[in-house]
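Below is one structure; the comments refer to it alone.
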DNA sequence: CTTAAAGTTAAACAAACGTTTGATTAGGAT
DNA sequence: ATCCTAATCAAACGTTTGTTTAACTTTAAG
């Protein structure tokens, strides 16, 4: 009566267990404050398995960042390009991204928290993804927008602005939950996305989804 | 010819030297990745002086956060309250805050990077400041805005959004500098502030300072 | 059955960690 | 002169850090 490979709960891939534990812990204690022993214990594996699968602790971080950022970039490619005018495409992009951030909130927190730190190995990784994102935003948003309005917003400014705007809710959640318990659930993910769509497209006067002139 | 207390360069307060070194290092390597020895060496003091003046390493962080957040809150009190309609007050607030973030960019990076981490001692500190900020934003922005438009944006959503929007440039600077060297200087602080004012007040169509209908 | 690879383990490594100690100095007040 | 206190220092405290080693077990194919 011993299941060999049919059950998933008790005998999941050790590699995957480590990854999940790392996402959980890095987001809560930070990368540097999370020890290998704590990580191994939380994943239910021996400490040396981290080195075996990922080479080093930093290897785990790189994998988390790559996985999260590639997903974010894929959404940008899919939603910002393609058919529709600028407003429509921006709205699609925001709704999709907020959904993605919502599901991947721990990875999002890790990516943004580690953003400003200057470990050259990590900075280079992030710069690679950022470079592609800037290219897409420039081609699909900044230039069409400049053609419409005559005003050019550099993508090196707009990309960070859009990203952190959509991320703000998840970055501040731990603090805001202390400020006003339950405040995370008062606004649903869909309402939050609409709020950002309104803000980006029409400013604070349009922060609800009422779009009268399309 | 020996100056006693007139000169400031060679014999500055050790306490202040530690504080300045900590702001510099915490912003670049992160709080947990910065060691006491590195901090003491960078400040040019003995390692035990950190404990002597601040109690612990975490004591230094708390002082940095308190100093930065109290300044931010003071700006909010000064610019969001007072005379003028909502748009005018928001514009004043954004211009002032961007100036403040620009000068205090290292402290800003520290505050946001440590935001999501769950050290109870630190979370409580941040929650105290956030609670006051939410109160001000609610009274001076959200409620007047609801009276005008009929749409209520919760301050627990709006405060984080405004904050990270103005901070985005400094959070991403290390990465964006790698993506496009010199991109930090292509947009001046004043232009950056105008960009955000336009975005917040009129959306992406108004991201330059051209305000035709006041 | 044998063999080779992949997975897993406990143990050990030097290095670095944050903090504390006790001695020493200097300056002003008593 | 004596005392007090703030400031500074070198040295050591006991832990914990990330990583590595070598032996052991399991898995799967020849």
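Chains as they are written, first to last, in my numbering: chain A, 1450 to 1663; chain B, 1450 to 1663. The beta carbon of each residue, even a glycine, is placed where N, CA and C say it ideally should be.
- Distances from the alpha-carbon of residue 1549 of chain A to those of A/1563, A/1528, A/1562, A/1567 put A/1528 closest.
- Two segments are said to touch when three or more pairs of C-beta atoms, one from each, lie closer than 8 Å; by this definition the stretch 1462-1480 of chain B touches the stretch 1551-1567 of chain B.
- Three or more Cβ pairs drawn from the stretch 1603-1621 of chain A and the stretch 1600-1615 of chain B lie within less than 8 Å of each other, which places the two stretches in contact.
- Ranked by Cα distance from residue 1487 of chain A, the first of A/1467, A/1519, A/1501 is A/1467.
- The Cβ neighbour count for residue 1589 of chain A, taken over all protein chains shown within 10 Å, is at least 16; the residue is labelled buried.
- The criterion of a C-beta distance shorter than 8 Å is satisfied by residue 1645 of chain B and residue 1547 of chain B.
- Under the 10 Å beta carbon count, residue 1592 of chain B is surrounded by fewer than 16 other beta carbons and is classified as exposed.
- For residue 1598 of chain A, the nearest CB of chain B lies under 8 Å from its own CB, placing it at the interface with that chain.
- Here the alpha carbons of residue 1578 of chain A and residue 1625 of chain B stand approximately 11 Å from one another.
- The alpha-carbon separation between residue 1567 of chain B and residue 1469 of chain B amounts to approximately 25 Å.
- A distance below 8 Å between beta-carbons, with the five flanking residues on each side excluded, links residue 1586 of chain A to the following residues of its chain, in chain order: 1525, 1529, 1604, 1607, 1608, 1611.
- Listed along the chain, the chain B residues whose CB falls inside 9 Å of the CB of residue 1641 of chain A are 1606.
- When Cβ-Cβ separations below 8 Å define contact, residue 1654 of chain B makes contact with chain A.
- For a Cβ distance threshold of 7 Å, residue set 1603 of chain B lies close to residue 1635 of chain A, ordered along the chain.
- Just so you know, the alpha carbons of residue 1517 of chain B and residue 1508 of chain B end up roughly 14 Å apart.
- Contacts between residue 1621 of chain A and chain B, judged by CB atoms closer than 7 Å, involve 1564, 1609 in chain order.
- Comparing C-alpha distances from residue 1473 of chain A to each of A/1502, A/1584, A/1554, A/1647 shows the shortest one belongs to A/1554.
- In this structure, the straight-line span from the alpha carbon of residue 1490 of chain A to that of residue 1631 of chain A is close to 31 Å.
- About 14 Å separates the beta carbons of residue 1602 of chain B and residue 1649 of chain A, which is beyond the 8 Å limit, so they are not a contact pair.
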